[in-house]
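Novice: Starting off with a structure, shown below.
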Amino acid sequence: MKNILFLCVANSARSQIAEGLARYYLPESIQVTSAGSIPSNLNPYAIKVMAELGIDISQQHAKAVEELDTHLVDAVITLCAEEVCPIFSRDVQRLHWPLIDPAIGSSSSDEALERFRMVRDQLRQRILVLAELIKMPSGIDSIESHTSIRVNDLAKSTAFYSWLLNTWPKEWTHRYATFIRPDLNLNMVLVVSDGKELNHDTLYHLGVNVNNQQEVIDAFFSAKDAGLTVFKPPRTTWKGTPLHELWLKDPDGNLIEIYARLTDTEILTKPQNEQPTFLVAGTDTEDSDVN
């Protein structure tokens, strides 16, 4: 995504605000413009609410799509809600952010400003997400996603998720139940409460299964390059189910495990003391307290 075009009908409010926000928040290497199918005039309320953020869009102007040299455009973001959006015929990446036209509604200055502020703030949050996505390097290829959820009542929760996932658990014990959905690449485990207060809005942990030890190591260096938080560096754990694993934390502190199962040959190298084997030299001092 190197050249972004924001489209709406009049190119007077939503797409102009989006253009100004994108120029401000996206990397300078990203080219940004906006246009409309029936271009009008830049709405003064758009200028005013953007000025509240310290962003000057007063020199922007409404443009028709036909006026633009669009051969380099590789991403189109349409902002129309109930109107018919302009047509862009080239095969490019497309996103649709349907937002109500803030120019429609009461003519009261205060009410109009509130509508424009609402659209501005919604666009700002979307563009902040886009800015972070653009900066992020390519991710890892996974063969399965694994989640663990702590539950208070294993029996009732197992029944609920058997309905939700439309399958019985592959196995269950007195401590956990494991659901497998190969068509979804999903491995989900329900774990009974360990006595701590449960927060059902919080993920216990998310696991991503990759192919082999090297892909776990590669994920470590990719995460470091991306500035992500490494909670436990790559290591082979031998107790329980032997795994090559890397633990990260997401921005909210949720634990993310990237792991690979050991081959039969690798399992034969298990040390007698079953202590973890660190996979990247010099990372053993980074170890934390996750078991």
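Those letters in the sequence shown? Residues 832 to 1122, by our numbering. Idealized CB from N, CA, C, for every residue including glycine. Computed from a prediction, not measured in an experiment: that's the story for all the values here.
Is there contact between the region 976 to 987 and the region 1044 to 1051, where contact requires at least three CB pairs shorter than 8 Å?
Specialist: In short, these stretches do not touch, since the Cβ pair count stays below three.
Novice: Can the beta-carbon of Leu834 be found less than 8 Å from the beta-carbon of Ser865?
Specialist: According to the sequence shown, residue 834 is Asn rather than Leu. Cβ atoms of Asn834 and Ser865: not closer than 8 Å.
Novice: Tell me whether Glu975 sits in a helix, a strand or coil according to DSSP, three-state version.
Specialist: Note: Glu975 maps to strand in three-state DSSP.
Novice: Apart from the five residues on each side of it in sequence, which residues of its chain come closer than 8 Å, Cβ to Cβ, to Trp800?
Specialist: As shown, the chain starts at 832 and ends at 1122. That puts residue 800 outside it, with no answer to give.
Novice: Taking the CB atoms as reference points, tell me whether Ile888 and Ile971 lie closer together than 8 Å.
Specialist: No, Cβ-Cβ distance for Ile888 and Ile971 is not below 8 Å.
Novice: Within 10 angstroms of the Cβ of Ser1119, are there 16 or more other Cβ atoms? Answer buried if so, exposed if not.
Specialist: Because Ser1119 sits at a pLDDT of 49, beneath the cut-off of 50, its placement in the model cannot be relied upon, and the following sentence gives the value as read from the coordinates. By the neighbour-count rule (16 or more Cβ atoms within 10 Å), Ser1119 is not buried but exposed.
Novice: With Asn1043 and Ala1091 assumed to form a contact (beta carbons below 8 Å), what rounded beta-carbon distance in angstroms separates them?
Specialist: Right, their Cβ atoms sit about 5 Å apart.
Novice: In the DSSP assignment, what residue or residues form a beta bridge with Ser865?
Specialist: DSSP lists Phe837 as partners of Ser865.
Novice: Since Thr1068 sits in a beta bridge, which residues does DSSP pair it with?
Specialist: According to DSSP, Thr1068 bridges with Leu1074.
Novice: Quick one, which of Thr1108, Pro1073 and Val1023 has its alpha-carbon nearest Pro1064's?
Specialist: Closest by alpha carbon: Thr1108.
Novice: Would you mind reading off the limits of the alpha helix (DSSP H) that contains Thr1096?
Specialist: It spans Asp1095 to Ile1098 - the alpha helix (DSSP H) in which Thr1096 sits, taken as one unbroken run.
Novice: Just reading off the beta strand (DSSP E) that Leu1110 is part of, what are its end residues?
Specialist: Neither: Leu1110 is in no beta strand (DSSP E) and is coded neither H nor E.
Novice: Determine the direct distance from the alpha carbon of Trp1078 to that of Asn1085, and round the result to whole angstroms.
Specialist: Going from the Cα of Asn1085 to the Cα of Trp1078 covers about 10 Å.
Novice: On the three-pair Cβ rule with 8 Å, is the region 992 to 1001 touching the region 940 to 957?
Specialist: No: fewer than three Cβ pairs fall under 8 Å.
Novice: Using 8 Å as the cut-off, can you tell me whether the region 867 to 874 makes contact with the region 895 to 908, which would need three or more C-beta pairs spanning the two stretches below that distance?
Specialist: Yes, since at least three Cβ pairs between the region 867 to 874 and the region 895 to 908 fall closer than 8 Å, the two stretches touch.
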